[in-house]
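*Asks:* Protein chains in written order, with this note's numbering: chain A, 25 to 188; chain B, 25 to 188.
Number of protein chains: 2
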Amino acid sequence: MILDSETKAVELPEDHGNELRLWLRLLTCTTLIEGEVRSRLRERFDVTLPRFDLMAQLDKAPDGMTLSDVSKRMMVSNGNVTGLVERLVESGHLDRRTSGTDRRVQVIRLTKTGRAEFRKMAAEHETWIADLFSDLTPKDVRELMRLLAKTKLSARKSAQARGL
Amino acid sequence: MILDSETKAVELPEDHGNELRLWLRLLTCTTLIEGEVRSRLRERFDVTLPRFDLMAQLDKAPDGMTLSDVSKRMMVSNGNVTGLVERLVESGHLDRRTSGTDRRVQVIRLTKTGRAEFRKMAAEHETWIADLFSDLTPKDVRELMRLLAKTKLSARKSAQARGL
DNA sequence: GCCAATTACTTGAAACCTAAACAATTTCGA
DNA sequence: TCGAAATTGTTTAGGTTTCAAGTAATTGGC
Numbered sequence: 025m026i027l028d029s030e031t032k033a034v035e036l037p038e039d040h041g042n043e044l045r046l047w048l049r050l051l052t053c054t055t056l057i058e059g060e061v062r063s064r065l066r067e068r069f070d071v072t073l074p075r076f077d078l079m080a081q082l083d084k085a086p087d088g089m090t091l092s093d094v095s096k097r098m099m100v101s102n103g104n105v106t107g108l109v110e111r112l113v114e115s116g117h118l119d120r121r122t123s124g125t126d127r128r129v130q131v132i133r134l135t136k137t138g139r140a141e142f143r144k145m146a147a148e149h150e151t152w153i154a155d156l157f158s159d160l161t162p163k164d165v166r167e168l169m170r171l172l173a174k175t176k177l178s179a180r181k182s183a184q185a186r187g188l
Numbered sequence: 025m026i027l028d029s030e031t032k033a034v035e036l037p038e039d040h041g042n043e044l045r046l047w048l049r050l051l052t053c054t055t056l057i058e059g060e061v062r063s064r065l066r067e068r069f070d071v072t073l074p075r076f077d078l079m080a081q082l083d084k085a086p087d088g089m090t091l092s093d094v095s096k097r098m099m100v101s102n103g104n105v106t107g108l109v110e111r112l113v114e115s116g117h118l119d120r121r122t123s124g125t126d127r128r129v130q131v132i133r134l135t136k137t138g139r140a141e142f143r144k145m146a147a148e149h150e151t152w153i154a155d156l157f158s159d160l161t162p163k164d165v166r167e168l169m170r171l172l173a174k175t176k177l178s179a180r181k182s183a184q185a186r187g188l
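#1: Return helix, strand or coil for Asp164 of chain B, following the three-state DSSP convention.
#2: Using the C-alpha atoms, what's the distance from Trp152 of chain B back to Val61 of chain B?
#3: From what residue to what residue does the alpha helix (DSSP H) around Thr151 of chain B run?
#4: Would you say Thr54 of chain B lies against chain A (beta-carbon separation less than 7 Å)?
#5: With DSSP as the reference, label Asp119 of chain B as helix, strand or coil.
#6: With 7 Å as the C-beta to C-beta threshold (strictly closer), list the residues of the stretch 135-157 of chain B near chain A in chain order.
#7: Nearest chain B C-beta to Ser95 of chain A closer than 7 Å, yes or no?
#8: Using CA atoms only, rank isn't needed, just tell me which of B:Arg133, B:Lys174, B:Leu51 is closest to Met98 of chain A.
#9: Does the stretch 103-121 of chain B come within contact of the stretch 132-139 of chain B, defined as at least 3 CB pairs closer than 8 Å?
#10: Expressed to the nearest angstrom, what Euclidean distance is found between the alpha-carbon atoms of Ala80 of chain B and Val109 of chain A?
#11: Identify every residue that forms a DSSP beta bridge with Met89 of chain B.
#12: Should Glu43 of chain B be flagged as near chain A, meaning a C-beta pair shorter than 7 Å?
#13: Since Val105 of chain B meets chain A, which of its residues come closer than 7 Å, beta carbon to beta carbon?
#14: Return the first residue and the last residue of the alpha helix (DSSP H) that Met8 of chain A is part of.
This is the structure:
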């Protein structure tokens, strides 16, 4: 099948080992940090990471969010959010009500208790993250931000291209 | 409580916003790519990501691995591996036997079928990854590798420090 | 040789997660 | 205005995941 190595009109198995190694390293970093945060959250506040993440989204939206918004922001499935919200309403951290203008829509927001509790956790959480990244110089951080932004765009583009 | 802003012998709430934003971006990238890989694996080969990951570990170890090895490498809990292996043995992808020298130890390896199937998936998987990262230049890739290596060390150190 | 500590793995409960099918509601074109 | 299409959220089934507690086997100090 290899007929023309000049014009590249053939299917040579190119070497993508570097990209693969990069992906594995990216995954390792994330898993490592995520696991550490997860275990500290449980140990210190007896809360799970998904709950913390959901509350973090809501803390940034004083007027509340719809379940779809949350689902998109957190990049998790609809059904997942339903269950997560269910448990957080149950525990008194979230308030949930049907939208006045669209009866399909559920608007959720943090309760007073939920917000206070989250703020306490968030403050400590931020120091954990700073500590986990503490060997990086400010320049490293800037450079990583830049390269990850580029990565994000690249991945989104590729995912988008497949979607159609 | 703030008495001495010169010697820094006080607890000022420092700003770690940049590290936090970096972490969120890192998480976004990983989630994005992982979700894409997950959905392509399902669509193309009807296999889940955890199964693919486990098989990938075993493909690199022709003589097999113990469950503990797998658990450490994949950074998941022991109990998780037990169930995962269970299902892969059931489906004929894995072979599992008790070690001859230590009857607590289970050694697992890919079956012939399992290996063949994995190799097919892996080849395609590699092109997906290359595509997802395709907007990065070789220099970007090198630079990311370097910075992520540094990040990994930093995080490991911080996690280690807490562990004792 | 004995027994306490460690190691390897399994089990069980609860939570998390996805994909797919579904019901309710809204939107919008003809 | 009517009805098809799209949107929002729930439900269901099947996996994945953690943590904690438990069992079995080995190791090492005495």
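Yeah, the Cβ is synthetic: ideal placement off N, Cα and C, and Gly gets one too.
*Replies:* On the basis of the supplied data:
#1: Reduced to three states, the DSSP call for Asp164 of chain B is helix.
#2: Between the C-alpha atoms of Val61 of chain B and Trp152 of chain B there is a straight-line separation of about 8 Å.
#3: Where Thr151 of chain B is concerned, the enclosing alpha helix (DSSP H) starts and stops at 136-156.
#4: Closer than 7 Å to some Cβ of chain A, the Cβ of Thr54 of chain B qualifies, so yes.
#5: Strand.
#6: Residues passing the 7 Å Cβ filter: Glu150, Thr151, Ile153, Ala154, Asp155, Leu156, Phe157.
#7: The Cβ of Ser95 of chain A sits no closer than 7 Å to any Cβ of chain B.
#8: Out of B:Arg133, B:Lys174, B:Leu51, the CA that lies nearest to the CA of Met98 of chain A is found in B:Leu51.
#9: Short answer: they touch.
#10: Each residue's alpha carbon lies about 35 Å from the other.
#11: Partner(s): B:Ile132.
#12: Yes, contact with chain A.
#13: Within 7 Å Cβ-Cβ: nothing; Val105 of chain B doesn't reach chain A, min ~15 Å.
#14: Not covered by the structure: residue 8 of chain A. The range shown for chain A is 25 to 188.
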